[in-house]
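Below is one structure, written out as structure tokens; the observations come after it.
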Amino acid sequence: MLLKLFLFTLILLLSACNENKPTKKYNAKALLQEKCSTCHNLEMPPLTSPDEKAPPIMAVSFHVHDFVKPSDESQRTAKAIEFVVDYVRAPSLEKSFCDKESLQRYGVMPSQKDNVTEDELRAIASYMFAYYNQNNFLQQMQSKAKLDALPAGERIALEYKCFTCHRKEKDLVGPSFSSIRTKYLHSADGMQKSIQSGSKGKWEGFSATMPPFQQISQEELQTISAWILGI
44 MLLKLFLFTL ILLLSACNEN KPTKKYNAKA LLQEKCSTCH NLEMPPLTSP
94 DEKAPPIMAV SFHVHDFVKP SDESQRTAKA IEFVVDYVRA PSLEKSFCDK
144 ESLQRYGVMP SQKDNVTEDE LRAIASYMFA YYNQNNFLQQ MQSKAKLDAL
194 PAGERIALEY KCFTCHRKEK DLVGPSFSSI RTKYLHSADG MQKSIQSGSK
244 GKWEGFSATM PPFQQISQEE LQTISAWILG I
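Okay, so the sequence shown: first residue is 44 according to this note's numbering, each after it adds one.
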């Protein structure tokens with residue numbers, strides 16, 4: 044009898060513990076885009092504009108994570124998540140961590156109680172603090188610095204994922220950029236047409252079809268072809 048009573052009590056306790064846990068898995072990144080991007084810029088590093096409605100989400104993440112006051116430092120992120128859940132649904136001047144200048148610029152955000160559930164907010168905040176942090180920011184800045192240091196044509200080749208099929212000096216799925224340079228050394232227009240319109244059967248030994256890149260601008264075409272011809 045005592046064993047049955049113990050098991051029943053244990054089940055009740057476990058059920059109570061699970062009440063505050065999300066009942067479903069969320070795509071937190073998609074939720075952040077859906078629920079927050081109307082007012083907050085989501086880029087990292089952020090894009091800013093004079094007429095923005097709210098601070099960039101990276102600034103929000105950094106600010107809240109730094110300003111919460113946990114009794115145990117290991118609980119800082121957990122406390123920051125709970126702050127977001129509470130504040131977004133019931134914002135107030137007293138709760139805000141914003142400085143005076145930011146409050147004058149943006150004001151106190153309107154309550155989102157009718158637009159987002161607590162579980163959705165918990166998922167959003169968990170993703171926000173996991174992604175928008177100092178380590179990821181530094182890595183992003185380092186990657187951006189490396190990208191900015193590349194020639195403009197190579198940056199365009201990376202943007203359009205040209206290196207999926209090509210390498211500078213080595214044949215891959217398609218011919219190397221060096222081989223393309225040799226073929227089109229005196230016909231930049233022909234190279235640009237192949238890039239924009241796609242091609243098949245122009246290269247012996249390569250069966251893959253070059254897809255058309257009609258979305259590429261004329262300026263980008265000229266830049267990438269100049270880079271290939273300069274290899």
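Built from N, CA and C at the ideal position, the CB exists for glycine as well.
Inset, instruction - Can you give me the Cβ contacts of V131 inside the same chain, cut-off strictly under 6 Å, excluding the 5 residues immediately before and after it? - result: Taken in chain order, the residues that qualify are Q155 and L164.
Legend entry - Supposed close pair L146, S139 - CB separation, criterion 8 Å: 7 Å between Cβ atoms; contact.
Inset, instruction - Return yes when the Cβ of L228 is within less than 8 Å of the Cβ of L190, no when it is not. - result: Cβ distance not < 8 Å, so L190 and L228 don't count as in contact.
Inset, instruction - With DSSP as the reference, label M101 as helix, strand or coil. - result: Note: M101 maps to helix in three-state DSSP.
Legend entry - Test item: CB-CB of C34 and A166 under 8 Å: No answer is possible for residue 34: it lies beyond the span of the chain, which begins at 44 and ends at 274.
Inset, instruction - Keeping to the same chain, check which residues put their C-beta closer than 6 Å to that of M101; ignore five residues upstream and five downstream. - result: Excluding positions up to five away in sequence, the list reads M87, P89 and Y175.
Legend entry - Beta-carbon separation (whole angstroms), P194 vs W270, contact threshold 8 Å: At roughly 5 Å, the Cβ-Cβ gap stays under 8 Å, so P194 and W270 are in contact.
Legend entry - Among S260, Q265 and Q183, the one whose alpha carbon lies nearest that of A231: A231 has its Cα closest to that of Q265, out of S260, Q265 and Q183.
Legend entry - Beta-carbon contacts of Q177 that lie in its chain and below 6 Å, excluding the five residues immediately before and after: Correct list: empty, nothing qualifies.
Legend entry - 6 Å CB neighbourhood of K243 in its chain, flanking five on each side removed: In chain order, T252 place their CB closer than 6 Å to the CB of K243, counting only its own chain and leaving out the 5 sequence neighbours on each side.
Legend entry - DSSP-derived helix/strand/coil call for S186: If DSSP states are grouped into helix, strand and coil, S186 belongs with the helices.
Legend entry - Contacting residues, own chain, Cβ-Cβ under 6 Å from E263 (five flanking each side not counted): Shown here for E263: same chain residues with a beta carbon closer than 6 Å to its own, the five before and five after excluded, namely I199 in chain order.
Legend entry - 7 Å CB neighbourhood of A97 in its chain, flanking five on each side removed: Result list for A97: C82, H83, Y149 and M152, in chain order.
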